[in-house]
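Numbering (the working numbering), first residue to last: 44 to 449. Idealized CB from N, CA, C, for every residue including glycine. A short worksheet on the structure shown next.
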Amino acid sequence: MTIPSLLRNPWVLFLPFLVLYACITWLTASAALMGDEGRYLEFAGNLLQGYYSPKEGFSLWNGPGYPIAIAPLVAVGAPRFLMLLANAVFQYLSVVFLFKTLNLFLHRRAALALTIGWGLYFTAYETLPYVLSDTFATLLATLAAYFTIKTLKDGKGVWKAGLIWGWLLLTKVIFAYVFPLVLGLILIKIKSQNARKSLAIFGIAYLVALPYLFYTYQLTGRWYYWSDSGGMSLYWMSTPYPDEYGDWNNERFVGYFKGMALGDAATEALKARHQSDFDEIYRYEGPARDDVFKKKAIANIKAHPGKYALNCLANVSRMFFWVSDFLRRAQTSLSRQIGTGVYRFYADAVLSVVYPFSLATDACRYQDIIRGRSYIFGGKYPAERLSAHVVGDIAYAAVLDGVCAG
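Next comes the structure, spelled out in structure tokens:
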């Protein structure tokens, strides 16, 4: 086999990215657990014992998709660093399958350029040295796009697409709240062949998730209950204070990652504003606590609708410029702002121009849209921990475009 023929093989062509990701993981990994890492490891251990929510207390904070993926490593007592190296593999596989997806309907050079752009998108590297679900979810979203498009093109791979969508649902439960909307759009075009294929894919996905939904029903008595983390997120998004922008925080008001800690002064300010709410809310547990968070959030939204809209804008715009992070850090330390926000600006500034341009181009070239070529420029540009959610756009687009073409 000649070198040129080897280089045409995407598994070989993109191997340098695997080396790059492994090196980044090795050089940046810390010995201490950060953020949600302990919870994911606990969930994986719970699964090995035959349950998911802790026996002492209640938690459905994260879906079981990622704990299922790392459970075999936990079962054999694998070191944490091996789980981190798995992230490098997941990220490499997302590069390979993005190329394979784009190569289905783009010229090879265009597919190669876009794939290299994704492979070098450095803000996605931030979760590589953590036992977190984001890199794995990005891989699942890319696989979902590939097998969905393959299914709509040649009718093969329905089960594969459905199984991957189901695993993605269990990994990033936010997709579960988008599924009904997409299913509604599919049902509108149910007479088309592609709509029926898409319906089969989504039906299989729900079958994959059904055991988990039965489990959550057994625990909570509520149907279609995926997680108890939504209320707290909505609470922080609805904050009415002028120098808060909807960024998520925790019950200790110290931020999520070490590098995103707000500092003692900011923590004390947050305590002064929110501690009384948290004292009341934390008298409850599980779904009841989630409900009280939502109740407080809805009250904030009704009382301060304009501020809620501004918080939403800040959180949406941070996908391009990390606006809320910029605004928050500008009040603490310029050096911290430069260290944690500015470096994202250059990559995301390009994407913020490309994204609307690509959508406008798609709107003008509607024939290309219904042939399944839309959202390629706009749908594959994630920003740090939101990567899996945005990558999922390309898979949703594949379904909806296929339905339109049917």
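In the structure shown, the three-state DSSP call for TRP269 is coil.
In the three-state DSSP reduction, ALA74 falls in the coil class, being neither helix nor strand. In chain order, ALA72 place their CB closer than 7 angstroms to the CB of PHE124, counting only its own chain and leaving out the 5 sequence neighbours on each side. The continuous alpha helix (DSSP H) containing LEU127 extends over residues 123-145. Just so you know, the alpha carbons of GLN92 and LEU116 end up roughly 14 angstroms apart. In the structure shown, PHE179 adopts helical secondary structure according to DSSP, grouped into three states. DSSP, read as helix, strand or coil, puts SER102 in coil. Here GLY106 really is in contact with LYS215; their C-beta atoms are around 7 angstroms apart, less than 8 angstroms. Boundaries of the alpha helix (DSSP H) harbouring LEU226: 222-231, taken from the DSSP string. Around the Cβ of TYR94, a 10 Å sphere holds fewer than 16 other Cβ atoms; the residue is exposed.
Here the C-alpha atom of VAL201 lies approximately 43 angstroms from the C-alpha atom of GLU294.
Per DSSP, SER235 lies in no alpha helix (DSSP H) and is assigned neither H nor E. Take LEU226, set aside five residues on each side of it, and the residues of its chain with a beta-carbon closer than 7 angstroms to its own are PHE245, in chain order. Here VAL221 has no same chain residue with a Cβ atom under 6 angstroms from its own Cβ, once five neighbours each way along the sequence are excluded. Sequence-distant partners of PHE296 (beyond 5 residues in either direction) whose C-beta falls short of 6 angstroms from its own C-beta, in its chain, are THR310, LEU313, LYS314. Segment contact: the stretch 204-211 against the stretch 247-254, three or more CB-CB distances shorter than 8 angstroms; contact assigned.
In the DSSP annotation of this structure, the continuous segment of the alpha helix (DSSP H) that includes LYS339 starts and ends at 330-346.
Out of ILE192, PHE165, LEU127, ASP286, the CA that lies nearest to the CA of PHE142 is found in ILE192.
A direct Cα-Cα distance of roughly 8 angstroms separates THR282 from ASN354.
When DSSP states are grouped into helix, strand and coil, PRO47 belongs to the helix group. At least 9 angstroms separates the beta-carbon of LEU58 from that of SER270. Collapsing the DSSP output to three states places LEU149 in coil.
Pairing LYS339 with TYR278, the inter-Cα distance amounts to about 7 angstroms.
With a cutoff of 9 angstroms on beta-carbon distance, THR170 and ASP177 are scored as near each other. Excluding five sequence positions before and after GLY108, the CB atoms of its chain that fall closer than 6 angstroms to its own CB belong to TRP210, LEU213, THR214, given in chain order. DSSP, read as helix, strand or coil, puts GLU80 in helix. Judged by DSSP in its simplified three-state form, ARG295 adopts coil rather than helix or strand.
The residue among TYR284, PRO285, PRO330, PHE190 with its C-alpha nearest the C-alpha of THR259 is PRO330. Taking ALA112 as the centre and dropping the five residues before and after it, the same chain places the C-beta of PHE179 closer than 7 angstroms to its C-beta, in chain order. The C-beta of GLY274 has 16 or more other C-beta atoms within 10 Å across all chains shown, which makes the residue buried.
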